[in-house]
């Protein structure tokens, strides 16, 4: 197995202001890569270009691609890496919370958020994603998740079909302990690396977010964490040969219960 260098962006998303978000992200990314090596994968939070504004009908991109997808393609080509982040996209009479994965050659893959946040009435405006997705980068198999998906371990159970779990979120500060705890739990129970990418700042509903962007190893230990309430890009290189050795020495996955999603 190979290595993968990951850069995760924690920042204050400007409410319903795509140009401002694109501009501040470009500055953050440029400054980061001036002082750091190139990354294989650059990760952005959930609804990175608008904030989590699900109830406005005009806050959605066309299915065939809009400004956010075009911007992702530009950044992927400019930095010769995969760039990933979620966007609200039109679908039928609602929208989907679509986690785009854009490759440097312009190839696009996506995962639509499965678990909709009932407390925020997300299900009233957003269609539920139906398909679990595995995305491969440099031979590394990745399970993408979005925010509330983190609470549902059956959906994220490792069927020995992924090496890395990534969750991008607008996870509020009031439930930060849940975020921190479940990211570590998912890493341990699935014997996988986990990356959590969260925003900071208050959104348009005056909901505060404190961050908690982190990269965790397969034992549940944090490799690197962003500082709370600060705009920051964290980066590290993951060595998947270490994961392979750990699973060889401690093959708990062989004792897991069989199950089937209905």
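In our numbering, the protein residues as written are 561 to 822. Cβ atoms here follow ideal geometry from the backbone N, Cα and C, with glycine treated the same way. Since we're looking at a predicted model, the values are computed, not measured.
Helix, strand or coil: which one does DSSP assign to residue 731?
-> coil
Which two residues bound the contiguous beta strand (DSSP E) that contains residue 753?
-> 753–758
Tell me whether the beta-carbon of residue 652 lies closer than 9 Å to the beta-carbon of residue 672.
-> no
If you drop the 5 nearest sequence neighbours on each side, which residues of the same chain put their C-beta closer than 8 Å to that of residue 574?
-> 580, 581, 584 and 611
Alpha carbon to alpha carbon, how far is residue 622 from residue 811?
-> 45 Å
Going by Cα to Cα distance, which pick from 593, 776, 655 and 665 is closest to residue 725?
-> 776
Just curious, the beta strand (DSSP E) that residue 659 is in, first and last residue?
-> 654–662
Please name the residue, chosen from 747, 796 and 774, that lies closest to residue 759 on a Cα-to-Cα basis.
-> 774
Between the segment 595–613 and the segment 799–808, do at least 3 Cβ pairs fall closer than 8 Å?
-> no
Give me the Cα-Cα distance between residue 639 and residue 596, rounded to the nearest whole angstrom.
-> 12 Å
When the distance is taken between beta carbons, is residue 767 closer than 9 Å to residue 734?
-> yes
Please state whether DSSP places residue 805 in a helix, a strand or coil.
-> helix
CA-to-CA distance, residue 632 to residue 662, given in whole angstroms = 7 Å
Which partner residues of residue 671 appear in the DSSP bridge assignment?
-> 659
Residue 732 classed as buried or exposed, judged by whether at least 16 other C-beta atoms fall within 10 angstroms | buried
Could you check where the beta strand (DSSP E) with residue 774 kicks off and where it finishes?
-> 774–776
Going by CA-CA distance only, name the one from 643, 599 and 655 that's closest to residue 617.
-> 655
Ends of the alpha helix (DSSP H) at residue 740?
-> 736–750
Separation of residue 683 from residue 737, as counted between CA atoms | 24 Å
DSSP-derived helix/strand/coil call for residue 676 | coil
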